[in-house]
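Read in the working numbering, the sequence shown has 278 at position 267, and its numbers run on one by one without any break.
Working notes for the structure below.
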Amino acid sequence: MSSDVQHFVGGESVTGRSGRLGDVYNPATGEVSAQCNYASAEDVDDAVAAATLAAKSWAKTSIAKRLEIIFNFRNEFLAARNELAELIGREHGKTLSDAQGELQRAVEAIEFACSMPHLTKGEYSMNIGGEIDNFSIQQPLGVVASISPFNFPAMVPIMMSTMAVAVGNAVVLKPSERVPSAPVELARIWERAGLPPGIFNVVHGDKEAVDALLSHPGISAVSFVGSTKVAEHVYEEGCRHGQRVMAFGGGKNHMIVLPDADLDLVADHFIGAGYGSAAQRCMAISVAVPVGEETADALVERLVPRVEALKIGPYDDTEADFGPLITRQSKQTVERFIDESLSDGAELRVDGRSFELDGYENGFFVGSTLVDHVRPDMSFYREEVFGPARGIVRAGDIDEAIQLVNDHEFGNGVAMFTRDGHAAHRFFEEVDVGMIGVNVPVPVPAGYHNFGGLKRSKFGEGYLFGPDAARFYTKIKTISARWPAPSDNVDGPDLTMPTNE
Ligand code: NAD
C-alpha cells in the first residue's frame, strides 16, 4: 500500500489536524491502494487562512505575470500528462486512453483561461452627461472553493479552478475522496509553473469538509460538480451563507433517433457515447429513443452484437474499451437498477450482471448491458444509471420523443440523429436541455462556449467554462467619475433627482 494522501495547503503537503482517514481503492482489484486524510472544519480554516493571505497580493499581480504562470501551467501540465493518466487510471479505473482524452479536454480549459484579459477588461462610456464618465471593472472575489466529483479527477478540477486563478482568486479545491492523488499532483504542477504558495490549495475529505467550506465566511463563491442530491444541498447551504454558488448535478441524456437516420452510424455513436468510461460520464448517453417500432427493431438488431463485443479490463489493458466502476456500492446500485427494470417488465437484450474478469474477481466490474422496452415510470429510466447499462425507450413519434426529454427531471445533454433539418431545428428549439447535439452524441461544447445543463442538472447561475465562468469568478464595480476644471463654480447643494440631461 502506498503512503497516505496529504492535503496541500499554503504550498506544503500537510496531514491536517483531524486524524480522520478514508480508504482509496484500486477499483480493478477491489483492494485498498492508499489512505486519504480527511479534513475537519479546523483543517478547512487553515486552508482558507493560507488562501486569504495569498489572495491579496495575487489580486494585485499584473495580468502579464498571471498569464505567464497560466502559460507555464499549460506546458507543465502537458509534460506531466502520462504520469497524471496513470494516477487517474489507478484510482478511477478508466482506461489510459480515456484518461488521456480527459486530460486533452482539460488543456482546452487551461488555454481558454488565457483569454481572461479580454473577458475581464470592463466597459467605458465617456461623457454620459455633465462631463461624467461611467466605467466598470471586474475584480476577483477573493477565496473561492471548488468541490469536484470522482469521474474526472483532473479535468473537472481544472475546469472549475483555472479561470478562477487566472482572474486573480485563490482556490481551495475539495476533490473527490475516491480519487485524491491526481488533484494533489495538479497542485504540484501549479507550483512548478510558478504559482505563489496559497493560491491553489487542496483539502481532502467528505461531507464534513464540504459543509465547513459552505459555511465559511472567508469563502466568497463555490463551484460544485457531482450528483443532484448533493448539488442541491451545496446550492442551498452556500446561498444561505451568502456565497455565490454554481452547482452542477447529474443527467439522463437521451439520444432521439428518427426513422431517416443512418442506423449504423447511430449504433456506433450510441456505443461510444453510452458505454465509454463505463458510462461514468455526466454527458454519457443513457437511453436511445428510436421513433417508430421499425426504427427501434432495426436499431436494437445493430446494437446487440456491438454491446456484446465490448471488452472490459483494468485501466492499463490497452485492448479494453472500459474499466470497472468506482466502488462496490456503485456496482451493486447499477445491478439493482437492471433487476428493477426486469421486474418492471423491460426486456433484457444483453446481460452484464454476472461479468467476471480472470485475475480480477474482486474488481468492481459490471458487464455491458442493454435493456429494451424501458418505460418512463421505471427506476431504470427515472434515475441516473451511472454504469454500463443502457436502455431503449420506444417513442411513437417525434412529439412523444421531445415530450419524454422535457418531462425528465434532468436537462444536462441530449442528442438527435436525423437527416431532416426541419426536424432538427424544431428539436433544439423545443427541447429543455442545456447542451444539445444534432448528429453529435456527446454535445460537450468547446472551452470557449458555456458549459451547463438545465432543470435539476444545474443549480444557480454560472457556467463551468466559457465566457460566463470569468463573470462568475469576478465582481463588477461601476464607477461614475467627473474631474471638474479648477474654474468650475459650485452653486450650492442641489436636491433634485440627478439626471444625465
Ligand atoms: P457526489 O455527489 O457523490 O460527490 C461529489 C462531491 O461531493 C465529492 O467531492 C464528495 O466528497 C462530496 N459529497 C458527497 N456527498 C456529500 C454530502 N452528503 N454532503 C456534502 N458533500 C458531499 O458525486 P460523484 O459520485 O463523485 O460524481 C458523480 C456525479 O457527478 C454524477 O451524478 C454525475 O452526473 C455528476 N457529474 C456532473 C457533471 C456536470 O457537468 N453536470 C460533471 C461530472 C459529474
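Where a beta carbon is used, it is the ideal one built from N, C-alpha and C, also for glycine.
Bridge partners of residue 47 according to DSSP: 16 and 33. Residue 184: member of the beta strand (DSSP E) spanning 181–185, first to last residue. For residue 245, the enclosing alpha helix (DSSP H) stretches over residues 239–251. Under the DSSP assignment, residue 151 falls in the beta strand (DSSP E) whose first and last residues are 143–151. One Cα belongs to residue 314, the other to residue 488, and the distance between them is close to 55 Å. Cβ-Cβ distances below 8 Å link residue 28 to 51, 53, 54 and 57 in the same chain, with the five nearest sequence neighbours on each side left out; the list follows chain order. Residue 194 has its CB no nearer than 7 Å to any heavy atom of the ligand NAD.
Annotation for residue 168 indicates a beta carbon at 7 Å or more from all heavy atoms of the ligand NAD.
Secondary-structure assignment with DSSP links residue 218 through no beta bridge to anything.
Nearest C-alpha to residue 346 among 326, 333, 318 and 391: 391.
Around residue 84, the same chain offers 121, 173, 200, 201, 204 and 206 as residues with beta carbons nearer than 8 Å, after the five sequence neighbours per side are excluded. In this structure residue 179 is not in contact with residue 231, their Cβ atoms being roughly 12 Å apart against a cut-off of 8 Å. Residue 422 is positioned such that its CB atom lies closer than 8 Å to that of residue 444. The C-beta distance from residue 360 to residue 382 rounds to 7 Å, short enough to fall under 8 Å. Exclusion of the five residues before and after residue 228 leaves 252 as the residues of its chain whose Cβ lies within less than 8 Å of its Cβ.
According to the DSSP secondary-structure assignment, residue 486 is paired through a beta bridge with 150.
Residue 255: member of the beta strand (DSSP E) spanning 255–259, first to last residue.
In the DSSP assignment, residue 124 falls within the unbroken alpha helix (DSSP H) covering 107–124.
One thing to note: residue 164 has its Cβ within 8 Å of the Cβ of residue 103. Assigned with DSSP and collapsed to three states, residue 279 falls in helix.
Here residue 424 carries a strand assignment [DSSP, helix/strand/coil]. Under the three-state reduction of DSSP output, residue 383 falls in the strand class. Considering only 497, 270, 479 and 260, the residue with the shortest C-alpha distance to residue 468 is 260. Residue 401 is bridged by DSSP to 381. Straight through space, the alpha carbons of residue 476 and residue 339 are spaced by roughly 32 Å. With at least 16 other beta carbons inside 10 angstroms of its own, residue 237 counts as buried. Counting along the chain, residue 95 sits inside the alpha helix (DSSP H) bounded by residues 92–103. Of the candidates 86, 37, 161 and 136, the residue whose Cα lies closest to the Cα of residue 397 is 161.
Non-local C-beta neighbours of residue 256 in its own chain, meaning closer than 6 Å and more than five positions away in sequence, comprise 233, 246, 249, 250 and 471, ordered along the chain.
Taking the C-beta atoms as reference points, residue 59 is found no nearer than 8 Å to residue 158. Scanning the stretch 429–481 from its first residue to its last, the whole alpha helix (DSSP H) runs of 4-plus residues come out as 432–441. A residue is called buried once 16 or more other Cβ atoms fall within 10 Å of its Cβ, and residue 291 is buried on that count. Residue state for residue 285 is assigned as helix, using DSSP reduced to three classes. One thing to note: residue 307 has its Cβ no nearer than 8 Å to the Cβ of residue 296. Beta-carbon to beta-carbon, residue 287 and residue 109 are separated by about 7 Å, close enough to satisfy the 8 Å threshold. Under the criterion of beta carbons closer than 8 Å, residue 107 and residue 327 qualify as touching, at roughly 6 Å.
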